[in-house]
Amino acid sequence: LSADPVRDLGILLSLLFGTSLAAGGAAVLNQWLEREADAKMLRTRDRPIPAGRIAPLHALLYGLGLSIAGCGFLYTGANALAAFLTAATVVSYVLLYTPLKRLTTWNTIIGAVPGALPPLIGWAAAEGAISTLGWILFAILFLWQMPHFFAIAWTHRKDYAQGGFVMLSNADTTGRKVAVQSFLFSLALVLSTLLPVFLGYASWAFGIFALIMGIYMLRPAIVFLTAKNRDRGARKLFIASICYLPALLVPLVIDLWLF
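Quick note: the sequence shown uses our numbering, first residue 10, plus one each step.
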């Protein structure tokens, strides 16, 4: 960030604290909007609002307070761009993605945009601008979310239908469309992880590692696509996606730092 480690630490702490507050606020506001649907679903009926542990009005005020405080911390501790991107993340997640879950199957793709903005927030906080590498990280996180959430949507398709959500998995009775899209997005994800190498940001050692991790990610996507028991295939893809992202990004950060 700069030659001043005290300043760097201050920005880092503001970034971590501010984004944590904003993320918590977005989650609370999401649950406030979906409180009636959550009460109908087995997976979510024990959340604080439908379970009656917190009043809806209190949840609304709490969510708004967290979101505003998070943006404020980033504005004062980092910069205006980081605060703006954080606000855009909260607003697009709560006011765009959340309502669209009841209207269109495109909600997963649209919701992946706010889900992929955090790397840009960090980049903006560090440099005051967003470089090509920042957009590559955005693309990686965007593409990763698709197989991850398609696997969740297929596993909990009955619950989503019960809650009134319009998911691709609800209309796709065989799971073929969900599995095909999961594979295609997984393939695009693997290719996107090579961009830091081809554009000169990362070493070829990372490129080889990214390909190995790509095989790890593609294998369950293929299983989901070809398996007769799609429930089992979806679970394998979900678990693989959780392990894949940190296993890929931590070595990338180390590689960028060393080379």
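In this text, a Cβ means the ideal position worked out from N, Cα and C, and glycines have one as well.
Exercise for review: Please report how far the alpha carbon of D13 lies from the alpha carbon of G19, in whole angstroms.
Suggested key: Because D13 sits at a pLDDT of 44, beneath the cut-off of 50, its placement in the model cannot be relied upon, and the point is left open.
Review point. Under the rule that 16 or more other beta-carbon atoms within 10 Å means buried, what is V2, buried or exposed?
Key: The structure shown does not extend to residue 2, since the chain is modelled only from 10 to 268, so the question has no answer here.
**Study point:** Backbone secondary structure at F158 - three-state DSSP
**Key:** helix
Check your understanding: In whole angstroms, what is the alpha-carbon distance linking R52 and A180?
Key -> 20 Å
Review point. Just the Cα atoms here: how many angstroms apart are H67 and G173?
Key: 25 Å
Review point. From F159 to D17, what distance separates their C-alpha atoms?
Key: 38 Å
Exercise for review: Assess, as a yes-or-no matter, whether the stretch 78-95 is touched by the stretch 17-36 under the definition of 3 or more beta carbon pairs within less than 8 Å.
Suggested key: yes
**Study point:** Per-residue DSSP class, three states only, for R54
**Key:** coil
Point to revise | L246 Cβ short of 7 Å to the ligand PLP heavy atom set | key: Within the structure as shown, the ligand PLP is missing, as the structure has no ligands at all.
Check your understanding: Cβ of A97 within 8 Å of Cβ of L70?
Key -> no
**Study point:** C-alpha distance - A236 paired with L146, whole-angstrom precision
**Key:** 31 Å
Practice item. Mark T95 as exposed unless 16 or more other C-beta atoms lie within 10 angstroms of its C-beta, in which case mark it buried. Key: buried
Review point. Just to confirm, are V175 and T114 a CB contact at a threshold of 8 Å?
Key: yes
Point to revise | C-alpha distance - T107 paired with F93, whole-angstrom precision | key: 20 Å
Review point. Relative to the C-alpha of R244, which residue among V232, P255, G72 is closest?
Key: V232
Check your understanding: How is A138 classed by DSSP in three states: helix, strand or coil?
Key -> coil
**Study point:** Nearest-angstrom beta carbon gap, T164 and D47 [assumed within contact, 8 Å]
**Key:** Wrong, their Cβ atoms sit about 17 Å apart, outside the cutoff.
Review point. Among residues of its own chain, excluding the 5 on either side of I251, which ones have a beta-carbon nearer than 8 Å to its beta-carbon?
Key: H157
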